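In UniProt numbering, the protein residues as written are 1 to 331. Beta carbons: idealized from backbone N, C-alpha and C, even for Gly. Note that the structure is predicted; figures quoted are calculated from it, not measured. Written below as C-alpha coordinates is the structure these notes are about.
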Amino acid sequence: MTTTPDREPAIGALPMRVPAPGLPERVTIYEVGPRDGLQNEQALVPLATKAAFVRRLVAAGLPVVEATSFVHPKWVPQLADAAELVALLEADDQLGDAARDLPVLVPNERGLDRALELGMRHVAIFGSATETFAAKNLNRTLASQMEMFEPTVARAREAGLDVRAYVSMCFGDPWEGPVPIEQVVTAGRQLLDLGASQLSLGDTIGVGTAGHVTALVEAFGAAGVGPERLALHFHDTYGQALSNVQAGLRAGVTTYDASAGGLGGCPYAVSATGNLATEDLVWLLDGLGIEHGVDLEALVATSTWMAGELGRPSPSAVVRALGADRAQSPA
(Lines of atoms letter the chains of each structure in order from A and count residues from 1; the text may use other names and numbers.)
(Lines give C-alpha, C1' and ligand atoms only; values in the text may rest on other atoms or scores of the structure.)
Protein backbone atom coordinates (compact mmCIF):
# COMPACT_ATOMS: atom_id res chain seq x y z
CA MET A 1 0.00 0.00 0.00
CA THR A 2 1.27 3.45 -0.85
CA THR A 3 0.84 6.50 1.32
CA THR A 4 0.80 10.18 0.57
CA PRO A 5 3.49 12.22 2.32
CA ASP A 6 2.24 14.89 4.73
CA ARG A 7 4.04 17.62 2.82
CA GLU A 8 6.24 18.18 -0.19
CA PRO A 9 10.02 18.03 0.19
CA ALA A 10 11.77 21.41 0.25
CA ILE A 11 12.89 22.66 -3.13
CA GLY A 12 16.36 23.27 -1.76
CA ALA A 13 16.87 19.55 -1.23
CA LEU A 14 16.56 18.73 -4.92
CA PRO A 15 18.13 17.90 -7.30
CA MET A 16 21.22 16.06 -6.11
CA ARG A 17 24.35 17.90 -7.22
CA VAL A 18 26.71 15.77 -9.26
CA PRO A 19 29.27 17.99 -11.02
CA ALA A 20 30.56 16.87 -14.40
CA PRO A 21 34.19 17.47 -15.36
CA GLY A 22 35.09 20.03 -17.96
CA LEU A 23 32.04 22.27 -17.54
CA PRO A 24 32.00 25.97 -16.56
CA GLU A 25 31.82 26.72 -12.84
CA ARG A 26 29.27 29.50 -13.34
CA VAL A 27 26.91 30.68 -16.06
CA THR A 28 24.80 33.77 -16.67
CA ILE A 29 21.08 33.33 -17.28
CA TYR A 30 19.73 36.05 -19.57
CA GLU A 31 16.02 36.26 -18.76
CA VAL A 32 13.82 37.16 -21.75
CA GLY A 33 10.37 36.44 -20.33
CA PRO A 34 9.08 40.03 -20.03
CA ARG A 35 10.01 40.80 -23.64
CA ASP A 36 10.28 37.65 -25.76
CA GLY A 37 7.95 35.71 -23.50
CA LEU A 38 5.08 38.18 -23.52
CA GLN A 39 5.37 39.82 -26.94
CA ASN A 40 3.19 37.25 -28.73
CA GLU A 41 0.43 37.15 -26.10
CA GLN A 42 -2.89 37.90 -27.80
CA ALA A 43 -4.59 39.46 -24.77
CA LEU A 44 -2.89 42.62 -23.55
CA VAL A 45 -1.11 42.07 -20.25
CA PRO A 46 -1.74 44.97 -17.82
CA LEU A 47 1.16 47.33 -17.24
CA ALA A 48 1.13 46.69 -13.49
CA THR A 49 1.40 42.94 -14.12
CA LYS A 50 4.40 43.42 -16.41
CA ALA A 51 6.10 45.61 -13.81
CA ALA A 52 5.45 43.08 -11.05
CA PHE A 53 6.81 40.32 -13.28
CA VAL A 54 10.08 42.19 -13.85
CA ARG A 55 10.43 43.07 -10.16
CA ARG A 56 9.88 39.48 -9.09
CA LEU A 57 12.39 38.15 -11.61
CA VAL A 58 15.03 40.59 -10.39
CA ALA A 59 14.23 39.69 -6.77
CA ALA A 60 14.66 35.99 -7.63
CA GLY A 61 18.29 36.71 -8.43
CA LEU A 62 18.25 36.74 -12.22
CA PRO A 63 21.29 38.83 -13.16
CA VAL A 64 19.89 40.06 -16.49
CA VAL A 65 16.22 40.69 -17.21
CA GLU A 66 15.29 41.99 -20.66
CA ALA A 67 12.37 44.25 -19.88
CA THR A 68 10.70 45.23 -23.16
CA SER A 69 11.15 46.38 -26.76
CA PHE A 70 10.94 49.83 -28.28
CA VAL A 71 9.25 48.55 -31.40
CA HIS A 72 6.44 50.31 -33.23
CA PRO A 73 3.11 49.52 -31.50
CA LYS A 74 1.64 48.54 -34.87
CA TRP A 75 3.95 45.53 -35.06
CA VAL A 76 3.94 44.46 -31.42
CA PRO A 77 0.90 45.94 -29.63
CA GLN A 78 1.73 44.00 -26.47
CA LEU A 79 4.84 46.14 -25.92
CA ALA A 80 3.30 49.51 -26.79
CA ASP A 81 3.67 50.52 -23.13
CA ALA A 82 7.48 50.17 -23.12
CA ALA A 83 8.19 53.74 -21.98
CA GLU A 84 5.49 53.55 -19.31
CA LEU A 85 6.94 50.27 -18.04
CA VAL A 86 10.43 51.72 -17.70
CA ALA A 87 9.06 54.78 -15.87
CA LEU A 88 7.07 52.58 -13.49
CA LEU A 89 10.09 50.40 -12.74
CA GLU A 90 12.34 53.40 -12.23
CA ALA A 91 9.88 54.83 -9.72
CA ASP A 92 9.84 51.55 -7.80
CA ASP A 93 11.73 51.44 -4.49
CA GLN A 94 13.25 48.07 -5.35
CA LEU A 95 14.81 49.07 -8.67
CA GLY A 96 15.07 52.84 -8.89
CA ASP A 97 17.86 53.95 -11.22
CA ALA A 98 18.83 50.29 -11.76
CA ALA A 99 15.79 50.02 -14.02
CA ARG A 100 17.91 51.75 -16.66
CA ASP A 101 20.30 48.79 -16.60
CA LEU A 102 17.58 46.41 -17.81
CA PRO A 103 18.23 45.56 -21.47
CA VAL A 104 15.66 46.63 -24.06
CA LEU A 105 15.32 45.61 -27.70
CA VAL A 106 15.67 48.37 -30.29
CA PRO A 107 14.83 47.31 -33.85
CA ASN A 108 16.22 50.45 -35.49
CA GLU A 109 17.33 54.02 -34.89
CA ARG A 110 13.82 55.15 -33.94
CA GLY A 111 13.76 52.54 -31.21
CA LEU A 112 17.22 53.64 -30.10
CA ASP A 113 16.02 57.24 -29.88
CA ARG A 114 13.34 56.18 -27.40
CA ALA A 115 15.83 54.17 -25.36
CA LEU A 116 18.26 57.10 -25.24
CA GLU A 117 15.52 59.50 -24.17
CA LEU A 118 14.83 57.27 -21.17
CA GLY A 119 18.49 56.86 -20.30
CA MET A 120 18.67 53.12 -20.90
CA ARG A 121 22.18 51.67 -20.69
CA HIS A 122 21.82 48.31 -22.46
CA VAL A 123 20.15 47.67 -25.81
CA ALA A 124 19.81 44.74 -28.16
CA ILE A 125 19.32 44.43 -31.91
CA PHE A 126 17.72 41.50 -33.72
CA GLY A 127 19.13 40.18 -37.00
CA SER A 128 18.61 37.16 -39.23
CA ALA A 129 20.79 34.36 -40.55
CA THR A 130 18.51 33.72 -43.56
CA GLU A 131 17.21 35.72 -46.50
CA THR A 132 13.56 34.79 -46.05
CA PHE A 133 13.35 35.69 -42.38
CA ALA A 134 15.21 38.95 -43.03
CA ALA A 135 12.63 39.82 -45.68
CA LYS A 136 9.61 38.82 -43.61
CA ASN A 137 10.73 40.17 -40.24
CA LEU A 138 12.97 43.11 -41.17
CA ASN A 139 11.88 43.96 -44.71
CA ARG A 140 15.54 43.69 -45.67
CA THR A 141 17.89 41.34 -47.45
CA LEU A 142 20.45 39.33 -45.53
CA ALA A 143 23.14 41.83 -46.57
CA SER A 144 21.17 45.07 -46.29
CA GLN A 145 20.07 44.37 -42.71
CA MET A 146 23.59 45.39 -41.69
CA GLU A 147 23.04 48.79 -43.29
CA MET A 148 20.10 49.29 -40.92
CA PHE A 149 22.00 48.09 -37.85
CA GLU A 150 25.24 49.98 -38.49
CA PRO A 151 24.07 53.49 -37.49
CA THR A 152 22.01 52.08 -34.63
CA VAL A 153 24.98 50.28 -33.10
CA ALA A 154 27.38 53.15 -33.80
CA ARG A 155 25.14 55.72 -32.10
CA ALA A 156 24.50 53.42 -29.16
CA ARG A 157 28.20 52.80 -28.61
CA GLU A 158 28.99 56.51 -28.97
CA ALA A 159 26.45 57.17 -26.22
CA GLY A 160 28.18 54.63 -23.98
CA LEU A 161 25.55 51.91 -24.24
CA ASP A 162 26.27 48.21 -24.29
CA VAL A 163 24.86 46.47 -27.38
CA ARG A 164 23.82 42.84 -27.65
CA ALA A 165 23.00 41.23 -31.00
CA TYR A 166 20.54 38.41 -31.60
CA VAL A 167 20.69 36.25 -34.71
CA SER A 168 17.57 34.24 -35.47
CA MET A 169 17.15 31.07 -37.58
CA CYS A 170 20.65 29.83 -36.74
CA PHE A 171 19.72 26.13 -36.76
CA GLY A 172 16.91 25.92 -39.27
CA ASP A 173 14.45 28.06 -41.21
CA PRO A 174 10.81 27.04 -41.87
CA TRP A 175 10.99 28.35 -45.44
CA GLU A 176 14.59 27.54 -46.37
CA GLY A 177 15.20 24.41 -44.32
CA PRO A 178 18.68 23.69 -42.93
CA VAL A 179 20.84 26.81 -42.60
CA PRO A 180 24.51 26.44 -43.60
CA ILE A 181 26.77 26.95 -40.60
CA GLU A 182 29.08 29.25 -42.54
CA GLN A 183 26.10 31.49 -43.35
CA VAL A 184 25.31 31.85 -39.65
CA VAL A 185 28.94 32.60 -38.85
CA THR A 186 29.09 35.29 -41.54
CA ALA A 187 25.97 37.06 -40.25
CA GLY A 188 27.12 36.79 -36.65
CA ARG A 189 30.62 38.08 -37.35
CA GLN A 190 29.17 41.08 -39.18
CA LEU A 191 27.05 42.01 -36.16
CA LEU A 192 30.00 41.68 -33.81
CA ASP A 193 32.16 43.71 -36.18
CA LEU A 194 29.61 46.52 -35.99
CA GLY A 195 30.30 46.78 -32.27
CA ALA A 196 28.04 44.32 -30.47
CA SER A 197 29.60 42.94 -27.30
CA GLN A 198 27.71 39.66 -27.30
CA LEU A 199 26.03 37.51 -29.93
CA SER A 200 23.00 35.39 -29.06
CA LEU A 201 22.49 32.47 -31.45
CA GLY A 202 18.80 31.65 -31.75
CA ASP A 203 17.25 28.28 -32.51
CA THR A 204 14.09 30.11 -33.47
CA ILE A 205 12.01 27.09 -34.43
CA GLY A 206 13.58 24.65 -32.01
CA VAL A 207 15.06 22.18 -34.52
CA GLY A 208 18.65 22.22 -33.25
CA THR A 209 20.38 19.18 -31.80
CA ALA A 210 23.46 18.76 -29.63
CA GLY A 211 25.87 17.93 -32.43
CA HIS A 212 24.71 20.94 -34.40
CA VAL A 213 25.31 23.18 -31.38
CA THR A 214 28.84 21.87 -31.00
CA ALA A 215 29.61 22.36 -34.69
CA LEU A 216 28.26 25.92 -34.72
CA VAL A 217 30.21 27.02 -31.64
CA GLU A 218 33.36 25.43 -33.06
CA ALA A 219 32.82 27.21 -36.39
CA PHE A 220 32.62 30.56 -34.61
CA GLY A 221 35.81 29.69 -32.76
CA ALA A 222 37.55 28.96 -36.04
CA ALA A 223 36.39 32.38 -37.24
CA GLY A 224 37.94 34.09 -34.23
CA VAL A 225 34.85 34.35 -32.02
CA GLY A 226 35.34 32.50 -28.75
CA PRO A 227 32.52 31.05 -26.63
CA GLU A 228 32.86 33.91 -24.13
CA ARG A 229 31.28 36.24 -26.71
CA LEU A 230 28.40 33.89 -27.52
CA ALA A 231 25.05 33.22 -25.91
CA LEU A 232 22.63 30.44 -26.83
CA HIS A 233 18.88 30.88 -27.19
CA PHE A 234 16.92 27.65 -27.49
CA HIS A 235 13.29 26.81 -28.09
CA ASP A 236 12.00 23.47 -26.86
CA THR A 237 9.76 22.57 -29.79
CA TYR A 238 11.17 19.04 -30.10
CA GLY A 239 12.31 18.63 -26.50
CA GLN A 240 15.98 19.24 -27.29
CA ALA A 241 16.64 22.49 -25.42
CA LEU A 242 18.32 21.06 -22.32
CA SER A 243 20.36 18.62 -24.39
CA ASN A 244 21.49 21.57 -26.47
CA VAL A 245 22.43 23.50 -23.32
CA GLN A 246 24.64 20.61 -22.25
CA ALA A 247 26.39 20.69 -25.63
CA GLY A 248 26.87 24.43 -25.23
CA LEU A 249 28.32 23.99 -21.77
CA ARG A 250 30.80 21.42 -23.04
CA ALA A 251 31.78 23.87 -25.78
CA GLY A 252 32.47 26.58 -23.18
CA VAL A 253 29.45 28.87 -23.65
CA THR A 254 28.49 30.50 -20.35
CA THR A 255 25.43 32.66 -21.22
CA TYR A 256 22.00 31.14 -21.88
CA ASP A 257 18.77 32.89 -22.74
CA ALA A 258 15.66 31.54 -21.04
CA SER A 259 12.10 32.59 -20.29
CA ALA A 260 10.45 32.20 -16.89
CA GLY A 261 7.78 29.52 -17.03
CA GLY A 262 8.65 28.76 -20.66
CA LEU A 263 6.67 31.78 -21.84
CA GLY A 264 6.78 32.68 -25.51
CA GLY A 265 6.52 30.79 -28.71
CA CYS A 266 7.51 30.85 -32.31
CA PRO A 267 4.86 31.77 -34.89
CA TYR A 268 7.00 30.15 -37.59
CA ALA A 269 6.94 26.58 -36.24
CA VAL A 270 3.86 24.39 -35.95
CA SER A 271 3.38 23.26 -32.32
CA ALA A 272 6.35 25.29 -31.08
CA THR A 273 6.30 25.08 -27.31
CA GLY A 274 8.13 28.28 -26.58
CA ASN A 275 11.41 29.33 -25.11
CA LEU A 276 13.54 27.18 -22.85
CA ALA A 277 11.99 27.58 -19.39
CA THR A 278 14.28 29.31 -16.93
CA GLU A 279 13.24 26.89 -14.17
CA ASP A 280 14.18 23.86 -16.29
CA LEU A 281 17.55 25.43 -17.02
CA VAL A 282 18.14 26.20 -13.33
CA TRP A 283 17.28 22.60 -12.38
CA LEU A 284 19.82 21.27 -14.87
CA LEU A 285 22.51 23.68 -13.68
CA ASP A 286 21.82 22.85 -10.03
CA GLY A 287 22.21 19.15 -10.76
CA LEU A 288 25.53 19.81 -12.47
CA GLY A 289 26.75 21.97 -9.60
CA ILE A 290 27.05 25.04 -11.82
CA GLU A 291 26.50 28.37 -10.05
CA HIS A 292 23.97 30.85 -11.41
CA GLY A 293 22.67 32.91 -8.47
CA VAL A 294 18.95 32.27 -9.04
CA ASP A 295 16.53 31.36 -6.24
CA LEU A 296 14.55 28.47 -7.77
CA GLU A 297 11.73 28.61 -5.23
CA ALA A 298 11.15 32.33 -5.82
CA LEU A 299 11.32 31.78 -9.57
CA VAL A 300 8.79 28.94 -9.50
CA ALA A 301 6.46 31.08 -7.38
CA THR A 302 6.78 33.90 -9.91
CA SER A 303 6.00 31.69 -12.89
CA THR A 304 3.10 30.05 -11.07
CA TRP A 305 1.69 33.49 -10.35
CA MET A 306 2.19 34.64 -13.96
CA ALA A 307 0.50 31.49 -15.27
CA GLY A 308 -2.49 32.47 -13.18
CA GLU A 309 -2.42 35.99 -14.59
CA LEU A 310 -2.39 34.59 -18.14
CA GLY A 311 -5.07 32.01 -17.36
CA ARG A 312 -3.21 28.88 -18.44
CA PRO A 313 -0.72 26.42 -16.97
CA SER A 314 3.00 26.90 -17.47
CA PRO A 315 4.67 24.63 -20.05
CA SER A 316 7.74 24.37 -17.80
CA ALA A 317 8.23 20.85 -16.46
CA VAL A 318 9.82 22.16 -13.27
CA VAL A 319 7.02 24.66 -12.65
CA ARG A 320 4.45 21.91 -13.13
CA ALA A 321 6.32 19.65 -10.72
CA LEU A 322 7.01 22.24 -8.03
CA GLY A 323 4.53 25.02 -8.61
CA ALA A 324 1.35 23.61 -7.07
CA ASP A 325 0.05 25.76 -4.22
CA ARG A 326 2.97 28.19 -4.56
CA ALA A 327 1.08 31.00 -6.28
CA GLN A 328 1.77 34.37 -4.74
CA SER A 329 0.40 37.86 -5.19
CA PRO A 330 2.65 40.36 -6.97
CA ALA A 331 5.03 42.22 -4.72
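- [ ] Can you give me the start and stop residues for the beta strand (DSSP E) that residue 255 sits inside?
- [x] For residue 255, the enclosing beta strand (DSSP E) starts and ends at 255-258.
TODO: Pair every Cβ in the region 55-62 with every Cβ in the region 15-25, then say whether three or more of these pairs are closer than 8 Å.
DONE: Judged by Cβ distances under 8 Å, the region 55-62 makes no contact with the region 15-25, as fewer than three pairs qualify.
Open item on the list: So for residue 209, helix, strand or coil by DSSP?
Closed with: DSSP, reduced to helix, strand and coil, places residue 209 outside both helices and strands of the structure shown, so it counts as coil.
Open item on the list: So, at 8 Å on beta carbons, what are the nonlocal neighbours of residue 196 in its own chain, with the 5 sequence-adjacent residues on each side left out?
Closed with: 125, 153, 163, 164 and 165
- [ ] On a CA-only basis, which of 120, 114, 112 and 188 is nearest residue 103? Give me that one, please.
- [x] Ranking 120, 114, 112 and 188 by CA distance to the CA of residue 103 puts 120 first.
Task: Unbroken beta strand (DSSP E) run spanning residue 28, endpoints - done: 28-31
Open item on the list: At the level of alpha carbons, what is the spacing between residue 135 and residue 204?
Closed with: 16 Å
- [ ] Use the C-beta contact count for residue 91: other C-beta atoms within 10 angstroms, 16 or more gives buried, fewer gives exposed.
- [x] Exposed: under 16 other Cβ atoms inside 10 Å.
Open item on the list: What does DSSP give as the partner residue(s) for residue 65 in the beta ladder?
Closed with: 31
- [ ] Please go through the same chain and pick out, in chain order, the residues whose beta-carbon is closer than 8 Å to the beta-carbon of residue 178, but skip the five residues on each side of it.
- [x] 172
Task: Straight-line Cα distance separating residue 53 from residue 191 - done: 31 Å
Open item on the list: Helix, strand or coil, according to DSSP, for residue 80 in the structure here?
Closed with: coil
- [ ] Apply the 10 Å Cβ neighbour rule to residue 279 and answer buried if 16 or more other Cβ atoms are within range, or exposed otherwise.
- [x] buried
Task: Length-filtered (3 minimum) beta strand (DSSP E) runs lying within the region 136-196 - done: 162-168
- [ ] For the alpha helix (DSSP H) containing residue 307, list its first residue and its last residue.
- [x] 296-310
TODO: Rank 117, 315 and 85 by C-alpha distance to the C-alpha of residue 51 and give the top, closest one.
DONE: 85
Task: Neighbourhood of residue 138 by C-beta distance below 6 Å, restricted to the same chain and skipping five residues each side - done: 145
Open item on the list: For the region 249-262 against the region 30-48, do three or more pairs of beta-carbon atoms, one drawn from each stretch, fall closer than 8 Å, so that the two count as touching?
Closed with: yes
TODO: Just tell me which of 240, 66, 44 and 274 has its CA closest to the CA of residue 402.
DONE: Because the chain spans 1 through 331 in this model, residue 402 falls outside it and cannot be assessed.
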